[in-house]
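Counting from 0, one number per residue, gives the positions in the sequence shown under numbering that gives the first Met the number 0. Glycine is no exception: its CB is placed at the ideal position from the N, C-alpha and C atoms.
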Amino acid sequence: MDLTVNVFGEQQTLSGLTENTTCEEVIYTLAHSIGRPGRYVLLEKQDRESRPLLPSDRLIHVLGNLKDQKKDISFHLERIENNENITGMPAAAPPLPHTVSESRFYGRMPPISNTAQKAFPMSGPSTASLPAYPGVIMRPGSSLGAIHNRAPPPDYAHVMEKRFNSLSRNTPVNRPPLTNACFEPMHPSTASMPYEELERLIEANNVILEQQRRRIYQLDLDAQEDSRELMQLERQRENLEEVLRPLREANWPQRYDAAYTNAIRLKSAIERTKGAIKDIQRDIEVKMREEAQLQQQLFEGMRLEDLPANQPAQTIHQGMKAF
């Protein structure tokens, strides 16, 4: 299923929504696509009224309810500035024990450089696919009502400012635990690093993250290319099977052997017929020669009977010569 969201005036279309897709995953995908760190909320707007969606809301169910109610609703992604409260959003409350674990997509995304933005261009209306995101994790003893009382996590700049102040004064600061590896100290002496060293460390980690993003993107493209090639080979194999199936059913090898044997038998019969014809021709020639001899003898006998008795033998010889 597809979902169209208005992101800062641009229509973004997300595909691949399932029944388990939550509002949190949609915000995570849109935040990565635009490359702007910060805290975001997904609003459901109708005319002049707006209602923020909870991170655990299932968008398929929300869209189904709106379809049943026949309401014309649009979805908007809004950024939450510091100390800003969206209309209709529940007020922040102190963290409760055993509540829902902190969402890992608010404000944890480092800035994306120009190289990464070129690798993932986003211009005008586009389509994005939802990643495989685990969603909200419920701890034992927690309830869904705790989500309503939980304040959104601080953004990236706010967390880094508190962290720098803590490292500079070497005093503890009440902040949520950072689970992202790029923000954790890489060496025991990080607490004594100056601001420039911290910036270089963060920049180095950002470069590594950007390289990993490019590598994952390239691997995804290679996998898609391999899948397309495999699909084409499968289709070619199916087409060849369709062509060869009637040939196999026709049993051409046996038919060829039978035709070859019949051809040999016909050739032998033709040779025998030719020999018989030659024998008959020889017999005809012999009979024709015998007939000619008999006709000549018969003609000579008839001439001898017709001649007078007193005609000399020379006349007979001349007559035979003339004949």
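Buried versus exposed, by CB contacts within 10 Å (16 or more), R254
That one is exposed.
P252 - DSSP class collapsed to helix/strand/coil
helix
Contact under 8 Å by Cβ, Y41 with T28
Looking at the sequence itself, residue 41 is Leu, so the reference to Tyr does not match. Not closer than 8 Å, so no.
DSSP on R78, reduced to helix/strand/coil?
strand
Rounded to whole angstroms, how far is the Cβ of E39 from the Cβ of L62, which I believe are closer than 8 Å?
This sequence places Tyr at residue 39; Glu is not what is there. Cβ-Cβ separation between Y39 and L62: approximately 20 Å, too far for a contact (criterion under 8 Å).
So, helix, strand or coil for L41, using DSSP?
strand
Is the beta carbon of E18 closer than 8 Å to that of I59?
yes
Where do the ends of the alpha helix (DSSP H) carrying N64 lie?
58 to 68
Paired residues, beta bridge with V242 - DSSP
Note: V242 sits in no beta bridge, so no partner.
Rounded to the nearest angstrom, how far is the Cβ of S55 from that of T21, given a contact under 8 Å?
6 Å
Roughly how many angstroms lie between the CA atoms of I249 and Q235, to the nearest whole one?
Reading the sequence as shown, one finds Ala at residue 249 and not Ile. Distance between the alpha carbons of A249 and Q235: 22 Å.
Please list the terminal residues of the continuous alpha helix (DSSP H) segment that includes S32.
22 to 33
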